[in-house]
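K.L.:
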Amino acid sequence: MLGPMPTLKDYFPPTDPYLNVIHVDDDILVVDKQSGLLSVPGKDPSLWDCIEHRARQTYPTAGMCHRLDKDTSGVLVLALNKRAHGRIGSQFEHRKTTKSYIARVSGIIAEDSGLIDLPLATDWLNKPRQRVDHDHGRASQTEWHVIEREDNATRVRLIPLTGRTHQLRVHMKAIGHVILGDAFYSEGADLAAADRLQLHAAELGFTHPTTEVFTTFVAPTPF
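Residue numbers for the sequence shown follow this note's numbering, so the first one is 16 and each next one is one higher.
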């Protein structure tokens with residue numbers, strides 16, 4: 016049985032660095048988001064500190080093109096004008112971007128790679144948790160590749176072929192290898208095994224809205 020639903024009641028986002036910029040030009044701002052920091056602001060003023068707010072202190076026109084969960088770290092892209100926002104947003108909508116995540120999961124995965132194809136839906140009694148739902152869920156696919164096997168954990172590369180809420184977290188739990196340190200989906204020793212969610216958006220690739228060159232941005236894995 017999972018524990019109580021995590022809340023944002025005690026939200027103390029990291030401040031060092033305040034904004035970790037990977038790349039910036041006239042059209043885009045690419046940053047490495049820390050774990051524990053929201054991508055966009057919440058409704059309550061106590062939740063206004065986020066990547067978008069911090070970016071606008073220096074780049075007033077910055078707008079998020081996509082999001083990462085609060086506890087997930089890694090590459091995020093913001094557009095600096097409407098034209099760039101439209102072009103990049105369209106790539107996310109039509110799955111023209113590439114994404115690669117690094118995660119540490121519980122247990123030893125025997126196989127070297129695989130594909131998880133399980134439909135996902137909101138767990139309405141435990142929202143915002145998601146769950147596998149073969150009757151009403153939306154098609155969801157995740158590719159995984161083992162990077163390293165540790166004592167009682169496995170480091171994997173996860174490639175989401177679809178973009179559902181909590182997809183990687185629910186898919187790994189569904190195959191018996193929950194992501195370590197996941198306050199939403201792990202418990203006991205798996206939750207205590209890490210002081211943060213062991214999930215990092217390591218790479219994001221998309222076509223630049225002006226140069227039209229496909230570029231992949233990388234953020235080093237912090238765990």
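Each residue gets a CB set at the ideal place from its N, CA and C atoms; glycine is no exception. Just so you know, these numbers come straight off a predicted model, no measurement behind them.
State yes or no: is the C-beta of R144 within less than 8 angstroms of the C-beta of D138?
P.N.:
Within the sequence shown, residue 144 is the residue found at index 129, counting from 1. Within the sequence shown, residue 138 is the residue found at index 123, counting from 1. Contact: yes.
K.L.:
Classify Q106 as buried or exposed, calling it buried when 16 or more other Cβ atoms lie within 10 Å of its own Cβ.
P.N.:
Here the question's residue 106 lines up with position 91 in the sequence shown. Its Cβ being crowded by 16 or more others within 10 Å, Q106 is buried.
K.L.:
Among S50, A209, L135, whose alpha-carbon lies nearest the alpha-carbon of M187?
P.N.:
Taking the sequence shown and counting its residues from 1, the one referred to as residue 187 is at position 172. Cα-wise, what sits closest to M187 is L135.
K.L.:
For S128, count neighbouring Cβ atoms within 10 angstroms of its own Cβ and tell me buried if that reaches 16, exposed if not.
P.N.:
Counted from its first residue, the sequence shown places residue 128 at position 113. Flag for S128 reads exposed.
K.L.:
Taking F238 as the reference, give the member of G57, V171, I190, V147 with the closest Cα.
P.N.:
Position 223 of the sequence shown, counted from the start, is the residue given in the question as residue 238. That would be V171, whose Cα lies nearest to the Cα of F238.
K.L.:
In this structure, what does DSSP give as the bridge partners for D65?
P.N.:
Position 50 of the sequence shown, counted from the start, is the residue given in the question as residue 65. The sequence as given places Cys at residue 65; Asp does not occur at that position. In the DSSP output, where bridge partners are listed per residue, C65 has L53.
K.L.:
Do T222 and F232 have their C-beta atoms within less than 8 angstroms of each other?
P.N.:
Translated into the one-based positions of the sequence shown, residue 222 becomes position 207. Translated into the one-based positions of the sequence shown, residue 232 becomes position 217. No, the Cβ-Cβ distance between T222 and F232 is not below 8 angstroms.
K.L.:
Look at the alpha carbon of S201 and the alpha carbon of R184, and state the distance between them as a whole number of angstroms.
P.N.:
Counting from one through the sequence shown, the residue named residue 201 turns up at place 186. Counting from one through the sequence shown, the residue named residue 184 turns up at place 169. Looking at the two C-alpha atoms, the distance is approximately 9 angstroms.
K.L.:
Let me know the secondary structure DSSP gives E163 once reduced to three states.
P.N.:
Position 148 of the sequence shown, counted from the start, is the residue given in the question as residue 163. Looking at E163 - three-state DSSP - the assignment turns out to be strand.
K.L.:
Give the range of the beta strand (DSSP E) segment to which D205 is assigned.
P.N.:
Working through the sequence shown from its first residue, we reach residue 205 at position 190. Looking at the DSSP string, D205 is not in any beta strand (DSSP E); the run it does join, the alpha helix (DSSP H), is 203-207.
K.L.:
On the CB-based measure, 16 or more other CB atoms within 10 Å of its CB, does P240 come out buried or exposed?
P.N.:
Outside the modelled stretch of the chain, which goes from 16 to 238, sits residue 240, for which no answer is possible.
K.L.:
So L133 and S115 are in contact, right, with Cβ under 8 angstroms, and what is the actual spacing, rounded?
P.N.:
Walking along the sequence shown from the start, residue 133 turns up at place 118. Walking along the sequence shown from the start, residue 115 turns up at place 100. Not really, about 20 angstroms apart at Cβ, beyond 8 angstroms.
K.L.:
Tell me whether E126 sits in a helix, a strand or coil according to DSSP, three-state version.
P.N.:
Indexing the sequence shown from 1 puts residue 126 at position 111. If DSSP states are grouped into helix, strand and coil, E126 belongs with coil.
K.L.:
Is the distance from the Cβ of P28 to the Cβ of D86 below 8 angstroms?
P.N.:
Here residue 28 refers to the residue found at position 13 when the sequence shown is read from its first residue. Here residue 86 refers to the residue found at position 71 when the sequence shown is read from its first residue. In this structure, D86 does not lie closer than 8 angstroms to P28 by Cβ.
K.L.:
Which of the three DSSP states is assigned to R110 in this structure?
P.N.:
Here residue 110 is taken as the residue at index 95 of the sequence shown, counted from 1. DSSP places R110 in coil when its eight states are reduced to three.
K.L.:
For T73, tell me which candidate among V193, V39, V90 has the shortest Cα-Cα distance.
P.N.:
Within the sequence shown, the letter at position 58 stands for residue 73. Comparing Cα positions, the closest option is V39.
K.L.:
For K48, which residues does DSSP report across the bridge?
P.N.:
Here the question's residue 48 lines up with position 33 in the sequence shown. Answer is G89, bridged to K48.
K.L.:
Quick check: the Cα distance between E158 and T30, rounded to an integer number of angstroms?
P.N.:
For the purposes of this step, residue 158 is identified with residue 143 of the sequence shown, where counting begins at 1. For the purposes of this step, residue 30 is identified with residue 15 of the sequence shown, where counting begins at 1. For E158 and T30, the distance between alpha carbons rounds to 33 angstroms.
K.L.:
Can Q213 and A118 be called in contact, C-beta distance under 8 angstroms?
P.N.:
Taking the first residue of the sequence shown as 1, we reach residue 213 at position 198. Taking the first residue of the sequence shown as 1, we reach residue 118 at position 103. Closer than 8 angstroms, so yes.
K.L.:
Which residue comes first and which comes last in the beta strand (DSSP E) that contains L219?
P.N.:
For the purposes of this step, residue 219 is taken as residue 204 along the sequence shown, with counting starting at 1. In the DSSP assignment, L219 falls within the beta strand (DSSP E) that extends over 214-222.
K.L.:
Have a look at the DSSP bridge pairing and note the partners of P276.
P.N.:
Outside the shown range of the chain (16 to 238) lies residue 276, about which nothing can therefore be said.
K.L.:
Among Q182, I123, L219, which residue has its Cα nearest to the Cα of D84?
P.N.:
Counted from its first residue, the sequence shown places residue 84 at position 69. Ranking Q182, I123, L219 by Cα distance to D84 puts Q182 first.
K.L.:
Check G101 in the structure and name its three-state DSSP category.
P.N.:
In the sequence shown, the residue the question calls residue 101 occupies position 86. It is helical.
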